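Start counting at 1 in the sequence shown, then tack on 764, and there's your number in my numbering.
Cβ atoms here follow ideal geometry from the backbone N, Cα and C, with glycine treated the same way.
Predicted, not measured: the structure shown is a model, and the values here were computed from it.
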Amino acid sequence: MNASNNNSVRKSNLSGNTNGFDVRDILFFLWRLRYWIIGSCFIAFCIAYLYVKAQTPIYERRTQVILTNDRSNKGGISMLSDIAGMEQTSKIDNEIFIFRSKNLMKKVVEELSLNIRYYVNQTPTFKLTRPSLNFRKQEFYKDNPFAVEVSFDSFYSEKSRPRAFAFELTPISEDTFKIMFRGEEETELTNNATYSYGDKIAFKGFTVVVSKIITDGISIGSHYEVTWADPAICAATYVDSLHASIEMSPSSRMSSRTDVISLVFRDSKTERAEDVLSTLVQQYNEESRFYQNAAVLNSIKFMDSRLADIAHELGMVETSYQQYQSSRALVNIEAQSQMALSSDQEYEKQLNDIRLQQNILKMIKSDLDKMSVENYDVIPSNIGLADANLNLAINTYNQQVAERNRMVANSSPNNPRVQNMNLVLKDGRNSIIASIDNLGKVYGLREGEINRVLQKNKAAISTIPTQQYDLTQIERKQKIIEPLFTLLQQKREEAQISMYNVPDNARIIEPPYGSNAPILPKTMSVLLVAMFLGFCFPPALAWLLGILRTTIQSEEDIEKVLSETVLANIPKFEDGSVIRKSSSRDIKTESFRMLRSNLKFLEGKVIQVTSSAPGEGKSSIASNLAVSLSHTKKRVALLGLDLRKPSLHKYFPSLHSHTKYSIIGYFIDKCDVSEMFQEIEGLPYLHVAVAGVVAPNPTELLSSSDKLKEMIDYCRADFDYVICDSAPMMPVADSLLINKFVDRTLYVVRAEFTALKILPKIRTLFEKADIVKPNMLLNGLNLRSNTFKYGYGKGYGYYGYYGGYYGKGYGH
765 MNASNNNSVR KSNLSGNTNG FDVRDILFFL WRLRYWIIGS CFIAFCIAYL YVKAQTPIYE
825 RRTQVILTND RSNKGGISML SDIAGMEQTS KIDNEIFIFR SKNLMKKVVE ELSLNIRYYV
885 NQTPTFKLTR PSLNFRKQEF YKDNPFAVEV SFDSFYSEKS RPRAFAFELT PISEDTFKIM
945 FRGEEETELT NNATYSYGDK IAFKGFTVVV SKIITDGISI GSHYEVTWAD PAICAATYVD
1005 SLHASIEMSP SSRMSSRTDV ISLVFRDSKT ERAEDVLSTL VQQYNEESRF YQNAAVLNSI
1065 KFMDSRLADI AHELGMVETS YQQYQSSRAL VNIEAQSQMA LSSDQEYEKQ LNDIRLQQNI
1125 LKMIKSDLDK MSVENYDVIP SNIGLADANL NLAINTYNQQ VAERNRMVAN SSPNNPRVQN
1185 MNLVLKDGRN SIIASIDNLG KVYGLREGEI NRVLQKNKAA ISTIPTQQYD LTQIERKQKI
1245 IEPLFTLLQQ KREEAQISMY NVPDNARIIE PPYGSNAPIL PKTMSVLLVA MFLGFCFPPA
1305 LAWLLGILRT TIQSEEDIEK VLSETVLANI PKFEDGSVIR KSSSRDIKTE SFRMLRSNLK
1365 FLEGKVIQVT SSAPGEGKSS IASNLAVSLS HTKKRVALLG LDLRKPSLHK YFPSLHSHTK
1425 YSIIGYFIDK CDVSEMFQEI EGLPYLHVAV AGVVAPNPTE LLSSSDKLKE MIDYCRADFD
1485 YVICDSAPMM PVADSLLINK FVDRTLYVVR AEFTALKILP KIRTLFEKAD IVKPNMLLNG
1545 LNLRSNTFKY GYGKGYGYYG YYGGYYGKGY GH
């Protein structure tokens, strides 16, 4: 049978299955952890139960709103996108984004004062134990017995204001309380002072006022907790609790989106969740109305500014009109112009009349001048004189002239009566002349005055077109500005009226509703997950410890690195002696019987037993293997070739470490090869050659002559098996010198002792040093070790099974 077949048979005998994990191994591994798994599941269940009890229940409220704006009109681009199979981004997606915006939620927080929260803590008042016992605090909402108002000082910037703070309020009487702040605001003064309701408690940058709402609702001695946070921080928290989605149409064959938005809010208070949803829709409508009216507001703002400018211009025009009329004494320019023209005509008429009278006077005077003093003629009368006194004087004079002429005709000019009449006529003529002169002067004065008035009137009349033009320009400006002013006022009123006609953008279909059963925490899910984690924790811990370990634990560790087969697994045993009786049925004996059986499938009788370093049990393996082979009545030679640290005498106390009759004695020619062997009492087929005294130059002894080859050849010819207990391979070269003359090498590694990092070095050693037919042997396997030290290796159940029955009738 060739080596490959031997290896196959060996693997079949030892492991039974080398392809992956065996289900039976996994079940056996879990069975070994059963008590750990049960304890872990119990602890996980208790922790999960306490966690569920410590959590505040969360409820869910939902509402549906429909967008009332018209989105049915689609333009050409939308129609083309529908034809092409591409759905145009709907405005409803933007509205969902607006519903979940922090700015909108901040308005809700400020409207409902959600940034101030009230709790009551009725756990024991011990400061050290209260946090540990405070599993769940009772929160108030709209039933808090007192209210807190926070106001910030104006001279502190927003950056210097606290973002959040909390304090504990403890009533000590019906009207007083103590307050203890937490965080940076905590001071000895506030923590020890007593305050009354309504007092202003000043801190750095802000003031707190506590007002009593419900007199009977405050429990003296209870611990109330108040938290305040910036509305922006609260808004971010509430946005995380809000979920918005689009409702799908249930009536259509294919799911199609509607204009209905489903809003879901989760909170520990159902009433607060309902208020948040209702206020959110209200604030959304107000914000939508505000932005829809933004153009109207901008128009009103523009009209207000234009009305102010136009009112100013109109005032200036009216002021100019008033000042122009006042400065020119104008009331009604047309009437005043008509009056001026009429007055001018009247004065012209008067001037003409005066000039006519002057001409008449000049004519009368001219006639009087032509008359001689002795010639008494009548003066023309009734020729248009306007002065009644002059007409009377002329008429009197003419009557007197006529009387005189009649007297002269009836008498002579020398008649005394005529002479008297001449004197009277002379006086009358002089009086008329004087009257004409005086009247002429009067008319001259009147003529001059009228001329001055006429000139003034003409000047005034000449300015009438200019004044009329100026007034027309002013009136034109007024006529232009005043209608615009009136129009803007009318439009402004219409714009203000239109602002109240804007409909809500969203309408609530159903008011907030939901179940009274909390959705969080999910008790069954938490408990099931806890049980699952409790079940997985011990295996996972064992697996993790297996990954983190640094030493070899099973033959799988060897097979992952080395291609050489693991010939056998030798369990760990405390007894350091060798096997004595062939009839023993203990684990130690059975393990070496298995090793002995496996050796029968391998070729060669000279076997070297070595390891990487001292302490891995190579001498124990070599001794017990030799004894086990001798039990089969095979002549076995056990050579102690570890010349540096011989240890066979530990396992065979009856051996004598002769200097002469030993391997060292043979190498220095003090004895023959046959003389160096010693027999062991009770083991007639076993012959042991001890190393003797420790040589100072073992490497030179092994390599300087042919003694080693002669010794191996002698043993090969005289014995059935030759077991060579050599020195470790890695520290020294002794084993490499011996390896040239052997048929097979048993390389021993020890579980929980040999480091994993040694395996790559062993592989390199096998590849470069040309080790003769190496086979790995795992020593010191602790079958009763702590479960967490191992994974589920292969083949361990064999020893555990049969070992458990050795005390039940199958052995001693």
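In this structure, the alpha-carbon of glutamine 1121 lies about 19 Å from that of leucine 1218.
Membership of valine 1330 in the beta strand (DSSP E) is indicated by the continuous run 1330-1335. For glutamate 1380, no alpha helix (DSSP H) segment is defined, and its DSSP state is neither H nor E. For asparagine 885, the three-state secondary structure derived from DSSP is strand. Spatial neighbours of asparagine 1265 in its own chain (CB-CB distance under 8 Å, excluding positions within 5 residues in sequence) are not present.
From the listed residues Leu1450, Ser1426, Lys1473 and Tyr1478, the smallest Cα separation to alanine 1459 is found for Ser1426. By the Cβ rule, the stretch 1396-1409 does not count as touching the stretch 1515-1531, because fewer than three pairs are nearer than 8 Å. Within 10 angstroms of the beta-carbon of histidine 1076 lie fewer than 16 other beta-carbons, which makes it exposed. For alanine 930, the enclosing beta strand (DSSP E) has its first and last residue at 928-935. Remark: C-beta atoms of valine 872 and glutamine 1047 approach each other more closely than 8 Å. Take the alpha-carbon of aspartate 1141 and the one of valine 1165: they are about 7 Å apart. Each residue's CA atom was taken as its position, placing glutamate 1338 and lysine 1364 some 28 Å apart. For alanine 1533, the closest C-alpha among the options Met1540, Ile1147 and Lys1504 is that of Lys1504. Within its own chain, the residues whose Cβ lies closer than 6 Å to the Cβ of alanine 993, once the five positions on either side in sequence are excluded, are Asn879 and Ala928, listed in chain order. Just so you know, the alpha carbons of methionine 1185 and asparagine 1194 end up roughly 14 Å apart.
Non-local beta-carbon contacts of isoleucine 1244 in its own chain, meaning distances under 8 Å to residues more than five positions away in sequence, are absent. CA-to-CA, the gap between glutamate 874 and cysteine 998 works out to about 10 Å.
In this structure, the alpha-carbon of valine 1454 lies about 32 Å from that of glutamate 1319.
Taking all protein chains shown into account, glycine 1544 has 16 or more neighbouring C-beta atoms within 10 Å of its C-beta and is therefore buried.
Residue state for phenylalanine 919 is assigned as coil, using DSSP reduced to three classes. In the DSSP assignment, leucine 1450 forms a beta bridge with Val1400. By the neighbour-count criterion, in which 16 or more other beta carbons inside 10 Å mark a residue as buried, lysine 870 falls on the buried side.
Lysine 1324 and leucine 1547 have their alpha carbons spaced roughly 21 Å apart. About 4 Å separates the Cβ atoms of proline 1276 and leucine 1041, confirming a contact at the 8 Å cut-off.
For the alpha helix (DSSP H) assignment, the stretch 1257-1299 encloses no uninterrupted run of at least 4 residues. Between the alpha carbons of tyrosine 799 and proline 926 lies a gap of roughly 53 Å. Between the alpha carbons of aspartate 1350 and alanine 818 lies a distance of about 56 Å.
Annotated as distal: valine 1513 and serine 1387, with beta-carbon spacing of 8 Å or more.
The C-beta of glutamate 1038 has 16 or more other C-beta atoms within 10 Å across all chains shown, which makes the residue buried. Between lysine 906 and glutamate 1035, the C-beta gap is smaller than 8 Å, which places the two residues in contact.
The C-alpha of cysteine 1479 is placed about 15 Å away from the C-alpha of glutamate 1443.
Under the three-state reduction of DSSP, histidine 987 is assigned to strand.
Sequence-distant partners of arginine 1070 (beyond 5 residues in either direction) whose C-beta falls short of 7 Å from its own C-beta, in its chain, are Leu1252. Each of Phe945, Leu1291 and Thr940 was checked against the Cα of phenylalanine 931, and the nearest Cα belongs to Phe945. Membership of glutamate 1443 in the beta strand (DSSP E) is indicated by the continuous run 1442-1444. In the three-state reduction of the DSSP assignment, cysteine 1435 falls in the coil class, being assigned neither a helical nor a strand state.
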